[in-house]
Amino acid sequence: MREMTKKSLQEAFAGESMAHMKYMIFSEVAEKEGFPNIARLFKAIAYAEFVHAKNHAKQLGMIGSTTENLQAGIEGETFEVEEMYPAYDAIAKLQQEKGAQRSINYALEAEKIHAELYAQAKELASQKKDMELESVYICPVCGYTEVNSAPDKCPICGLPGEKFLKF
């Protein structure tokens with residue numbers, strides 16, 4: 001693929017990905033404010049943005065086998081833990097942005113767990129085995145992730161475990 005086309009598709013992928021997430025967040029707000037149909041509209045259009053991003057990702061060669069995708073996940077999470085979030089945290093501290101520091105810390109701590117879970121999954125997938133999961137629990141405040149059972153209290157943000165989302 002020629003460089004200008006590749007750059008254009010990468011930017012389109014980023015834009016569509018951001019739109020997908022933004023509309024999912026907007027859907028959650030509309031739901032909480034008592035607008036279920038507007039929430040559904042946001043979710044539906046968010047899915048369309050996901051389709052666009054997926055099409056761009058395919059053209060860019062970003063999608064591989066499960067083990068390749070897990071390796072990409074490990075690399076992405078590790079980059080966030082070792083480089084991206086520490087740099088962002090330094091900026092937030094320098095500028096005394098307490099809310100940004102909290103948000104960055106939540107993500108940084110959760111990403112460490114995500115990288116480890118991907119590594120475990122990759123090891124199993126490379127042996128042609130699936131993970132044995134009953135459920136995956138996610139803290140809706142900080143993203144802390146726990147497999148098979150929710151903790152009594154989130155170790156990152158302190159949210160009670162009964163408020164975790166189950167997947």
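So that you can map any letter, position 137 of the sequence shown is 137 in this note's numbering, and since no number is skipped, the others follow by simple counting.
Heads up, the beta-carbon is just placed ideally off N, CA and C, and yes, glycines get one too.
Exposed or buried, which one is residue i when buried takes at least 16 other CB atoms within 10 Å?
| i | result |
| --- | --- |
| residue 33 | exposed |
| residue 39 | buried |
| residue 13 | buried |
| residue 91 | exposed |
| residue 117 | buried |
| residue 81 | buried |
| residue 150 | buried |
| residue 87 | exposed |
| residue 104 | buried |
Is the separation between the beta-carbon of residue i and that of residue j shorter than 9 Å?
| i | j | result |
| --- | --- | --- |
| residue 143 | residue 110 | yes |
| residue 130 | residue 108 | no |
| residue 56 | residue 10 | yes |
| residue 17 | residue 43 | no |
| residue 113 | residue 145 | yes |
| residue 106 | residue 25 | no |
Taking DSSP's pairing of strands, which residues face residue i in a bridge?
| i | result |
| --- | --- |
| residue 160 | 153 |
| residue 165 | 138 |
| residue 146 | 137 |
With a CB to CB cut of under 7 Å and the five nearest residues on each side skipped, what residues in its chain are close to residue i?
| i | result |
| --- | --- |
| residue 48 | none |
| residue 19 | 49 |
| residue 23 | 42, 45, 46, 49 |
| residue 122 | 67, 70, 71, 74 |
| residue 30 | 38, 39, 42 |
| residue 230 | Since the first residue of the chain shown is 1 and the last is 167, residue 230 is not available in this structure. |
| residue 124 | 130, 131 |
| residue 115 | 74, 77, 78, 81 |
Among the residues of its own chain, which have a CB less than 8 Å from the CB of residue i, if the five just before and after it don't count?
| i | result |
| --- | --- |
| residue 93 | 101 |
| residue 140 | 159, 163, 164, 165 |
| residue 153 | 159, 160, 161 |
| residue 6 | 60 |
| residue 65 | none |
Output needed for residue i: all residues of its chain with C-beta closer than 6 Å, excluding positions within five of it in sequence on either side, in chain order.
| i | result |
| --- | --- |
| residue 167 | 136 |
With three or more C-beta pairs closer than 8 Å as the rule, is the region 1–16 touching the region 60–68?
yes
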